[in-house]
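Trainee:
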Amino acid sequence: NSPSPLPERAIYGFALFLGSWFGFMLYLIWAYVPETWLFSLGLTYWPQKYWAVALPVYLLVAIGIGYILLFGINMMSTAPLNSTDTVTDNYAKKQQQKKFQEEAIPALRDIPISEVNRMFFLPEK
Amino acid sequence: EEWWYRSASGARIALRCRQHSASCRELAVRCPRLRLRSLSAATSAAWLAAYGLFVLTENSMVLSAAIIIMLVGLIIYLHFVKIDQESLLVIGSLGIQVTSSYASGKENTTFIEMSQVKDVVINEAIHMQKVIYYLCILLQDPGDPQGVSEVVPLFQSSKPRLDCLIEVYKSCQEILEQRKMAPQSS
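One line per chain: the protein sequences are C and D, in this order.
Per our numbering, the very first residue in the first sequence carries number 6; after that it's consecutive.
Per our numbering, the very first residue in the second sequence carries number 177; after that it's consecutive.
(1) Looking at ILE302(D): is its Cβ nearer than 9 Å to the Cβ of TYR309(D)?
(2) Is it buried or exposed for ILE245(D), if we count other Cβ within 10 angstroms and need 16 for buried?
(3) Taking the beta strand (DSSP E) that PRO329(D) belongs to, which residues open and close that run?
(4) Using beta carbons (cut-off 9 Å, strictly below), is SER333(D) in contact with chain C?
(5) Taking only the alpha-carbon atoms, compute the straight-line gap between GLY18(C) and ASN122(C) and give it to the nearest angstrom.
(6) Using a Cβ cut-off of 9 Å (strictly closer), state whether GLN354(D) contacts chain C.
(7) Is there a C-beta anywhere in chain C that falls below 9 Å from the one on ASN284(D)?
(8) What residue range does the alpha helix (DSSP H) around THR285(D) cover?
(9) Out of LEU264(D), SER280(D) and MET237(D), state which residue places its alpha-carbon closest to the alpha-carbon of ILE252(D).
(10) Along the chain, where does the alpha helix (DSSP H) that runs through ASN95(C) open and close?
(11) Spell out a yes or no on whether the segment 232–250 of chain D and the segment 330–340 of chain D are touching, meaning 3 or more CB-CB pairs, one atom from each, closer than 8 Å.
(12) Using three-state DSSP, classify GLU202(D) as helix, strand or coil.
(13) When Cβ atoms are compared, which residues of the segment 107–127 of chain C fall closer than 9 Å to chain D?
(14) Kindly list the residues whose CB is nearer than 8 Å to the CB of GLU234(D), restricted to its own chain and excluding five residues on each side of it in sequence; keep chain order.
(15) Starting from TYR345(D), find everything on chain C with Cβ-Cβ shorter than 9 Å and list it in chain order.
(16) Compare the C-beta of LYS98(C) against all C-beta atoms of chain D and say whether one is closer than 9 Å.
(17) Find the nearest neighbour of GLU300(D) within the set ILE110(C), PRO85(C) and ALA112(C), judged by alpha-carbon distance.
(18) Identify each residue in the segment 297–310 of chain D for which the Cβ-Cβ distance to at least one residue of chain C is less than 7 Å, and report them in chain order.
(19) Between LEU352(D), PHE287(D) and GLN305(D), which lies nearest to SER119(C) when the distance is taken from Cα to Cα?
(20) Look at the Cβ atom of ALA242(D), then the Cβ atom of ALA225(D), and state whether they are nearer than 9 Å.
(21) With 16 as the cutoff for other CB atoms within 10 Å, does GLN305(D) come out buried or exposed?
(22) Taking the DSSP output, what are the residues bridged to ILE259(D)?
(23) Please list the terminal residues of the continuous alpha helix (DSSP H) segment that includes ALA363(D).
(24) Going by the DSSP bridge assignment, what does ASN299(D) pair with across the sheet?
(25) Output the boundary residues of the alpha helix (DSSP H) element that contains ILE118(C).
(26) Going along the chain, which residues of its own chain have a beta-carbon closer than 7 Å to the beta-carbon of SER197(D), five neighbours each way excluded?
(27) Look at the Cβ atom of THR89(C), then the Cβ atom of GLU289(D), and state whether they are nearer than 9 Å.
(28) In the DSSP assignment, the beta strand (DSSP E) including ARG114(C) goes from what residue to what residue?
(29) Please report the straight-line C-alpha distance between GLY69(C) and ALA57(C), rounded to a whole angstrom.
(30) Using only the alpha-carbon positions, how far apart do HIS255(D) and SER199(D) sit?
(31) Identify every residue that forms a DSSP beta bridge with ARG194(D).
(32) Would you say CYS312(D) lies against chain C (beta-carbon separation less than 9 Å)?
(33) Unbroken alpha helix (DSSP H) runs of length 4 or more, entirely within the segment 16–71 of chain C: which are they?
(34) Would a C-beta distance cut-off of 9 Å place LEU265(D) and ARG201(D) closer than the cut-off?
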């Protein structure tokens with residue numbers, strides 16, 4: 006799973022490059038060439054030219070709304086002030102207490118909020 | 177006994193602490209009152225807009241509708257939205273009472289028994305686009321002595337800043353500590 010270049014990746018990349026150029030040229034031809042010329046060539050089954058302008062506009066408006074939507078989704082999933090998710094969660098409830106050993110660094114754990122408050126806000130006498 | 181602080185949004189609030197007895201304390205936070213100049217500014221702006229609309233549409237219903245909407249809106253705002261004072265009454269052996277009084281005189285009271293109260297802490301959480309400190313009561317989970325069943329945030333409308341919250345926290349902790357020592361002293 007390393008990101009180093011491989012022959013297969015080079016081939017996929019080149020195929021995508023050619024494919025995207027071909028698709029872009031096809032889109033330009035469909036948008037600009039008049040319908041009569043296309044009909045005279047025998048190519049009659051195309052979507053309406055209206056979509057050549059409509060689809061990019063739809064895409065850009067969707068991207069703009071996506072910014073606002075993401076902001077709104079973030080605000081909606083923030084825990085409200087009265088939920089217990091601001092204080093604890095499942096992992097903290099189920100944590101096991103390791104035994105205290107002398108001369109060793111204490112094990113990492115989730116300290117309860119009452120203890121943290123006492124340490125911060127009540128001055129040590 | 178009254179100290180001036182600032183709320184999270186910058187408004188000046190006043191904290192008043194009264195000690196009724198050794199184990200009973202009342203802490204009240206008073207929000208700034210509705211200013212006459214902001215009220216008249218808002219009223220004149222709304223009525224000027226309504227008059228402009230009346231000049232455009234030649235319909236006199238616009239004016240009476242604006243007047244009625246302003247009056248009804250003001251009454252609803254004073255009765256349901258604008259909080260005048262929020263107070264916390266901590267009685268050592270009995271419980272904690274939280275009162276909010278609105279500008280129209282209405283008072284909302286909630287009482288929490290001491291056996292349900294696990295602790296009163298200062299918590300920090302994301303609110304809108306800021307991180308604010310707020311005081312909250314942690315309620316005990318009946319099944320689990322270490323667990324928290326519910327969080328009751330206090331001073332929601334006045335939103336005092338950390339310096340005011342620390343004072344309230346220290347006051348509450350002095351009383352809450354007594355209940356831990358009481359069973360041992362008797």
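Virtual Cβ for every residue (Gly too), placed ideally from N, Cα, C.
Mentor: Looking at the coordinates:
(1) no
(2) exposed
(3) Start and end: 324–329.
(4) no
(5) 56 Å
(6) no
(7) no
(8) Not the alpha helix (DSSP H): THR285(D) falls in the beta strand (DSSP E), residues 283–289.
(9) SER280(D)
(10) 95–98
(11) Judged by Cβ distances under 8 Å, the segment 232–250 of chain D makes no contact with the segment 330–340 of chain D, as fewer than three pairs qualify.
(12) Assigned with DSSP and collapsed to three states, GLU202(D) falls in strand.
(13) PRO117, ILE118, SER119, VAL121, ASN122, ARG123, PHE125, PHE126 and LEU127
(14) none
(15) Neighbours of TYR345(D) on chain C, chain order: ASN122, PHE126 and LEU127.
(16) It does; some Cβ of chain D falls within 9 Å.
(17) PRO85(C)
(18) VAL297, ILE298, ASN299, ALA301, ILE302, HIS303 and TYR310
(19) LEU352(D)
(20) yes
(21) exposed
(22) TYR278(D)
(23) In the structure displayed, chain D extends from 177 to 362; residue 363(D) sits before or after that span and is not available.
(24) According to DSSP, which records beta bridges pairwise, ASN299(D) is partnered with TYR310(D).
(25) Element bounds for ILE118(C): 118–126.
(26) none
(27) no
(28) No beta strand (DSSP E) contains ARG114(C), which DSSP labels as neither H nor E.
(29) One alpha carbon belongs to GLY69(C), the other to ALA57(C), and they sit about 20 Å apart.
(30) 33 Å
(31) GLU202(D)
(32) yes
(33) 40–46
(34) yes
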